[in-house]
Structure formats: C-alpha cells, structure tokens
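What follows is one structure encoded as structure tokens, with my remarks underneath.
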Amino acid sequence: MTPGKSLLIVVLLSLSFKGISQQSATYTNELADFNRALELYNNQQFLAAQNLFDEVKDETEDEKIKADAAYYIANAAVRLNQPGADRLMERFVTRYPTSTKTNSAYLDVADYYFNTGKYALARKWYDKVDENAMGRKERQRYYFNNGYAYFRTNNYEEARTYLERVRDSKEYGSQAKYYIGFMAYESDDYEEASENFEQVQDNSRYSEDLSYFQADMNFKLGNFQKAIDLGMEQLPKSNRQEKSQLNKIIGESYFNLGKYEEAIPYLKEYQGLRGKWNNTDYYQLGYAYYKQGDYEKAISEFNKIIDGNNSIAQNAYYHLAQSYLNLEQKQQALNAFKNASEMPFDAKIQQDALLNYAKLSYEIGNSYESPSQVLLNYLEKYPDAAERQEVETLLIDSFITTKNYEEAMRLLENNRNFSDKQAYQKVAYYYGLELYEEGDYYKAIEMFDKALNEPRDPAITAKSTFWKAESEFNVNRIDDAIIGYKEFGGMTAARGTEEMKNLDYNIGYAYFKKNDYAQATSYFKRYAENTGNDNARRDDAWLRLGDSYFVNSQYWPAMEAYNKAIANNVSDSDYAAFQKAISYGFVNRNETKIEELNNFISKYPRSPYRDDALFELGNTYVAMENTQQGIQAYNRLIRDVPGSAFVPKAMLRQGLIYYNSNEGNKALERLKKVVSDYPNTPEAKQAVSTARNVYVDLGRTDEYASWVRNIDFVEVTDADLDNTTYESAENQYLNNKADQAINGFEKYLRDFPNGIHSINAHFYLAQLYFRQGNKDKSMSHYRYVVERPGNEFTEQALARLSQIYLEKGNYAEATPLLERLEKEADSQENVAYAQSNLMKSYYEAGNFQKAEAYAEKVLNSPGAEKQAKTDAQVIIARSAMKAGNENRAKTAYAEVQKTATGELAAEALYYDAYFKNKNGNYEASNAAIQILAKDFSGYKRWGAKGLVLMAKNFDKLGDAYQATYILDNVIKNFSNYPEIVSEAKAELARIKTQEAKTNSSVENN
C-alpha cells in the first residue's frame, strides 16, 4: 500500500467514525421523543401525542421512525374525530406500504370505530384488513366485530358470513349464535331461530330477550297456547315496550283460539307501534267485542278503521254493519254494508253485504244512488241468488216509495230482465201524476197512456183514465176530456175514490169551458146539491151554475144559485153579489138592480168588481132616465177607480148624456178628455165621432176640423174600411180558426197601424201566438197593449207578458210589469200572481228586503194559493239565511215543511237537519237526513248537502268511520256539485288529520 493511499483510508475511517458517532446521538434523541409521544398516546392524550409525533416525523431521517410516527399521527386523528383522519391513514398506507403496522392500522382504526358504535365506519376499515396477517385470537375478534357491524347496519347476509365463522368460538360463540338466531327470527325462519336460541338460552345475558322472541315465534308458528304460556311467563319481567308487545301476542293468540273474552284485556293493553294502533289492531278488539255481543264497544273499535282496503277491512266493515243493525242504527249500517260490498276479498261477505245494502236502501232510502238501482244491481250481479224473488218484490215497491218515477221508468224500460207489467203500470201512473202536478200535461198524458196500455190493476187503470182526462182538460182538448171523465165514471174500480167524488164538478167545468152551458148546468146542479158542507168545489159549483144559467138567459135560476153561493160565504161572494144584481136588470127589475148595486158598493168597497158595479149603476140610472144620478155614478167611478178600463166608457157615456141634453159644451169637454187621455181606444174613436156631431149642431165645424187634424190615430176617411178589415179577422178568431185569424189581424195592422181596433188586434194576435207556443212573437203585441192607456186588455196583457219574461229568467223586465199588474188588476187572482212573482223576482235580483216584504204580502193575502204561501215562506227563509238571520230562517223553514212538496220539501228538510246540527242534536239531525234520503232521493243536490252534514254529525258523535266513508262517497258521486265536493274534501282532510294521530293506517294526503 502506498503512503498516499494509506492516508486516504485513515481519513475516510476517521470521517466514518465521526459520522456514526453523530448519527447515534441524534437517533438516541429522536427515539426518546418518539417514546415520550408513544407514552402520551398510550395514556390517551392523543392531541399532545399527535403534536410530538409530528415533531419527531419532521426531524428524523429514519424511515422506520417516520413510518411509525405517521401511523400514530393518523391513529390519533381518528380518535380525536379530526376532519380528514381517514385521508391521513390512507396516506400512511400509501407512503409506507412495507410498514409492519399497515394491517394493524386498519384493524386498530376499525376496532376504534366499532367500540364507539360507528359501525358503518368500522366496516369500511375492516374491509381493508388482511385477515391472513392476523393471529387466531385477533382473527376471531375481527370475524365477530365485522359480523356484528354488518348486523347493526342491517346487512344480514354479510353478517351471517362472518358470525358463522365464530359460532363455535368459546369467547364469541354464544353472541354469534344469538345474533344468527335473531336474524333468522327477523327473516321469519323460526326453525333456525329456535335452534340457535336454544343453544344460548342458559346464558343469563340473553334469557329475557329469548323469552319474548320465543313467545312471538310460537305465535307466528301458530302455537298459540305455547305463545300464551311463554308470554305470561315473560310479562312480569318485561320492560314497558316489551310488555306492550307481549300483551299483543297473548291477546292475539287468545283471539286466534276463539277465546274472545280472554283476549280483550290483553288486546286493550297493547300500546301500538310508536304509540299508534293500526286497522288490524282495531279490528281484532272490535271483533272480540262483537263475538261477546257488546255491539256498542265493537262499533267504537270498528269505526276507527279508516282507509281500509283488504280482507281484514272488508270483514271489519261487514261486522261493523251487523253491529249497527243490532243497535237499530240503520243509516250507519247502510254505509258499512256498502263499503263491504265494494270489496272483492271475500265473495260470500261481498254478496251478503250487497243484499243487506239493497234491503236497507229500500227501507230507509239512499242518498248515493236510487234504491231501485241498488236492487237491480243485485239482481244483475247475482241472477241465481236464493233471495231473487224477495229482491224483485222490494224492487217493485221501491219504484213507488222513492217517488223517483222518472228514473224508475227509465230502469224499467231499459232493463230487459225485468218484466213485471203490474209494476210498470203503477210507475207509469205515478210518474204521470208527478208530471201533472208540475204542469207538464202533454208528457203526463203520454205516461197515463202507458199505464192504460198495461191494464193490470183495475184501480190504477181507473185513476189513469181520470187523470188523463184532467190533463186533456188542461191542454184544451175538451171533447177528449169529457169522454175520459165519463169512461172513468162507468168503471167499477172508480167507485168510492176521491176522484169520483168530484166527477160531476169536473164534467160540468169541461162543458162550461166548451160553452155548452145546458150540459154544464146539469152537472153543476147535481154536484152542488149532492155535496156536503165546507167544500170549496161545492161553493164554486154554485157560482158556475149561476154563470151557466146567466149565459143561457135563465136569470131567476141564476140568481137563486148566486144566492146559495153568497149564503155559503164563498171567497168570491162579491162576484156572486154583482152577478145577482145585474141579473135583476135582465128581468126588468131595475129598481131592485139599483138597490142591489148600491148594497154591493157599500158592502164590498175593495172588490175588483167595484168599477163594474159603478158603471152598471150609472147605466141603469140612465136607462131609467135618471141622468143626473147616472152622471154622479159615472163621476164616482172616475174618481174612485181611475185606472179602470170603464173610465173612458163612463166619460163617453157622460158626453152622450150631455149631448142628448143639449149641453154641447159639457159634452165636448167630456169627449175631448176621452180622446186626450185614452187615444187609440174604441172609446176615443167613438168620442171623435160624437164630438163631430156636437160641433156640427153647434155650428162650429171649423173648430172641429182644427181639433181633429191634431189627432194622429184617426183616419176618418178610412173608418168603414177599418171596421170591415177588423171584423173579418175577428170573425176568424171567434170561430177558432187561428191561422186565418193571425193572417187577418196582421193584414189589419199593416193597413191600419193606428186603426180604431189596433189595441184589440194586437191583443188577439198576442193571444194566438201565445197559444201556439210562439211566445217570442207574442211579446211585441202584448207590449203594444200594455204601453197604451188602461183598456179592457191591459190586465191580461200585463199578466201574460210578465209570465213570458219570468219563464226566460228576465226578472229586470218582468218586475215593472208585475208592479203595474199588482196596482191595476181587477182580479184578485192576478194581484196574488203579481205579488208572488215580485217576491221571487226581487229574491233572484238579490234585493232580499223587498223579497221579504212581498213574501209577507203573499202570506197575508186571503186569495193566495197554498203553493204561493209555501213559496213565500221559502223566500223569507232563504233571504234570512243570506242575511245571516238564522233564527228567522229556522221559523220560516219550519212553516215550509208543513206544506211543501217536491224539491222545496227536500230543501226544508235539509235545513231542519242543519239547525238541529247547529243546536248539537246530532242524532236528530241524522234522523232528518235519513228521511231526506228516503223520501226525496231524486233531489241530488240536497241529498249531497245532507250527506256532508251527516258526516259532520257522525264526527261529532265520535264515529270517524261513518264520517270519512260518507265524505269519500260524496267526493266520488257528486262531481256535478263542485262546491259541495270542495266542502267534503276539506272536512275529510280535517278528520283524517285528527285520526292519523292515533291510527297508523290512516293516510292523510
């Protein structure tokens, strides 16, 4: 070795030893820090340890120390729940893949999360562990912990994989078997569950839980007595939640053994899941009460079952219905049977429920659908049912009792399987009567003909004959009516009927209307003399008998008949007294006539015939050449009844009297007033003609020419042609030749638009068009008449024109006409007509104050018909409801209920129920609604409103099932009434929200 080379080696060795010495000192120092940090970590001072490990890691160059420090830094972060702790651990593994602590890191972190109950995080780290790198004891802990973590996160399949690996472990075996058994129990594999539980049953740690599980498993396996025994044994040792479940197991086991009395106390002790029962729970307790005959308690449980749609619900609703029936709560039973009949789960229950639903619909009525339709549905669905004959019998009667004859006819005519002709005849007859009452006479005749075409029942055949004749009378087919009346009179079945009692009166009226007064006299006389006292028709017969004699110029018998009417104090005694008075004139007893007329004027100061009497009185004085008193009578007429059509006639008569008395100026004054106040009337035309004579006699023809030139309605030169044209048309009218008369009057008005007879022509044209059904065309002619000064046709034209506007619903146009009619009408009948329709018009216009005022007038009017008074009470009731005065409405509806029929009766009955609900009389309210459903099922709107009210009643009575079921059906079946459906939806949501607090089966959408 050369010296130089030796020196180099010495230097290198020196440097090497120096470096080793320095490195050793540093390493010793780092190791001390590392050990201090490890001591802090082992003492669970993780943050301090983490900081120190961090320093060591930054300062050391030793890879092993760096790796170990990184491991403990990440581990401390996990235990401190620091954000990003998992990333630190991942970084450790990535940076130091060969570290011996890698597997320990995964396992240690997983165990930490496991021990702190964070099983999802524990599973994440257990999945990273290499189980082959572990020892046996460590591996068993890993298997159990990982299996348990999967168990706690409900991943039973993976849990079983790991737990099965330690089922024979001395340390973990019992726990593993318990959890394997529990998973089998949860999966309804009771055989495996029982096998595993039996292997750990001696372990005190699980004995209490196992008793509960075994009781439940035996229940689910159908070993009910064993379930009861085990449950009884466990019950005293159980906690609150287990006690609730054990009571359920014991109670339901007794239930399944048919020991309902024993089941009840245990079923009642069940607290439900999260404090709520479900529909099955309520069913079991309800059924147990039902089997014990305790129907009230059964109902209290069954009626909590809401929204049910399965076999249990069907069974529950069926037995709920039976419970209601046993307590005579038939409306409630109807709803429950309907519900059960709509479910297909048990065919036998479904059929029996539908049968009971159909029978109850017939018995108490049905607001959802007609009882007839329900019965037909049953026959169609079960054509071979043993009860078919019974149901068919009910069906026949239902057509009558529901009074929904239109639907009944439709069903009978459209259902080929139903061939009971007797029922068909009866329904056709009753439907005809209904149409007659509604004034639809042509359709009524059609129905009576259908009844007569199936002459099965002699009584129905006879009555159909009579009412067909009545209908024909009302459409002016008088000859047909007379034939029908007489045919009815010859029928054996007609004897003793109400219709037979008044037959002579009806025939008499038919002849009277036909102007065959001789025949009318015969029938009216026989009826009046053979009918008992206190009969309005008998009194009217005396009047019509008097009229018949009067028209045939038989004045003495006429006066005798009028005297009979007056003696009976008939409502039209003023008319009889007037007719009697003028009859004296026809038998040349003018002195007596004057006396009777004066008596009439004194006795009947408000009579519509007052103006007739005053005019006749004036005429009679003049006829007896007592012109001064005649003029006074005319003056009294003009003063007292200024709106009378007789006023221009009286003034004309006065002018003539003055003219004939050579008092020309007085005559002209009267005649000119007629022309100025009543232009375009026949009296005005006559006044012009008479005035001409006066002017001629006075030698003042220039004055006449000047005067007459300003009268635009007079076409003097065409007077003869005017009269001739008019008379031609009038003759066609009087001979009932309608088309020719229309052509004639139209020609007259074209030729003489302001002619002498223009008012007459317009009125007769209006009448002809009205009779032909062309009411729109009649309107302008009626309007012409009413726009002229008072004339003989004003009253009739006002009545007709207002009628047309009312039919069109044009109350704004009708109202002023009706107001005029009320003031100007001579006929009390027209006054009553005006008042009743003003009442309705003001109501429709929203003027409830005036509507009520006119309603009071109608109620106080002696001439108002019963129906008008009923309408008046309705208007008062409705107006009061609109104004919020429910007490007044209640009183008015109570009055309506006494006399109303049809839809008004349905309305009154609904409000009877409404006010009872308001007063808290919920059962009485429901009773009223049941009558509404039974007797007025054809009026769907009131039926729907009644159902919503019934639902509210049941809610107040604590019967949520009835309330919700009814509301559901309103929503399904009454879409034509959106405001009612909207109310039903709101009420249903409210009730369901309330019930969902205690019943987990209730869905509150």
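Under our numbering, read the sequence shown as residues 3 to 1007, first letter to last. Where is the CB? At the ideal position from N, CA and C, for every residue including glycine.
Counting the other CB atoms within 10 Å of its CB gives ALA834 a total of 16 or more, which places it among the buried residues. Of all alpha-carbon atoms in THR494, ASN839, ALA827, the one lying nearest the alpha-carbon of GLU815 is that of ASN839. Contact check for ASP914 against GLN932 fails: the beta carbons are separated by 8 Å or more. The Cβ atoms of TYR289 and LEU329 do not sit closer than 8 Å to each other. For a cut-off of 8 Å, the C-beta gap from MET449 to ALA464 is around 16 Å, too long to register as a contact. In the structure shown, ASN812 falls within a coil segment according to DSSP collapsed to helix, strand and coil. Each residue's CA atom was taken as its position, placing ASP190 and ILE307 some 27 Å apart. The C-beta distance from ALA986 to VAL972 rounds to 4 Å, short enough to fall under 8 Å. Annotated as proximal: ALA857 and ILE878, with beta-carbon spacing under 8 Å. Here the C-alpha atom of LEU969 lies approximately 13 Å from the C-alpha atom of ASP961. With at least 16 other beta carbons inside 10 angstroms of its own, MET952 counts as buried. Burial check for TYR444: the Cβ neighbour count within 10 Å stays below 16, so the residue is exposed.
According to the DSSP secondary-structure assignment, LEU275 is paired through a beta bridge with LYS278. Sequence-distant partners of ARG540 (beyond 5 residues in either direction) whose C-beta falls short of 6 Å from its own C-beta, in its chain, are ALA530, THR533. Looking at GLU997, ALA740, GLU831, LYS299, the one whose alpha-carbon comes closest to that of ILE266 is LYS299. Shown here, ASN738 sits in coil according to DSSP, grouped into three states, outside any helix or strand. Counting the other Cβ atoms within 10 Å of the Cβ of GLY811 gives fewer than 16, which makes it exposed.
In this model, SER555 and ALA520 are separated by some 11 Å (Cα to Cα). Of the candidates ALA318, LEU949, ASP957, GLU809, the residue whose Cα lies closest to the Cα of GLY367 is LEU949.
Beta-bridge partners assigned by DSSP to ASN1001: TRP279.
For ILE307, there is no enclosing alpha helix (DSSP H), since its DSSP letter is neither H nor E.
In the structure shown, ARG790 adopts coil according to DSSP, grouped into three states. Under the three-state reduction of DSSP output, ARG540 falls in the helix class. Ranking ALA107, LEU82, ASN83, ASP873 by CA distance to the CA of ARG93 puts ALA107 first. Bounds of the alpha helix (DSSP H) holding ALA834 are 830–846. Around ASN662, the same chain offers no residue with a beta carbon nearer than 6 Å, after the five sequence neighbours per side are excluded. Distances from the CA of LYS936 to each of LEU275, LYS239, PRO373, ALA76 were compared; the closest alpha carbon is that of PRO373. Taking a contact to require three or more Cβ pairs closer than 8 Å, the stretch 146–160 and the stretch 180–189 qualify as touching. Counting along the chain, the unbroken alpha helix (DSSP H) around LEU767 starts and ends at 760–773.
Excluding five sequence positions before and after LEU803, the CB atoms of its chain that fall closer than 7 Å to its own CB belong to MET781, TYR784, ARG785, VAL788, LEU819, given in chain order. Distance from the CA of ALA686 to the CA of ARG694, rounded to the nearest whole angstrom, comes to 12 Å. In terms of CA proximity to PHE347, ASN317 leads the group ILE596, SER466, ASN317. DSSP places SER400 in the helix class (H, G or I) of the three-state scheme. Closest in alpha carbon position to SER575, among ILE462, GLN324, PHE468, GLN830, is GLN830. Contact between the stretch 654–669 and the stretch 627–635 is established, with three or more Cβ pairs separated by less than 8 Å.
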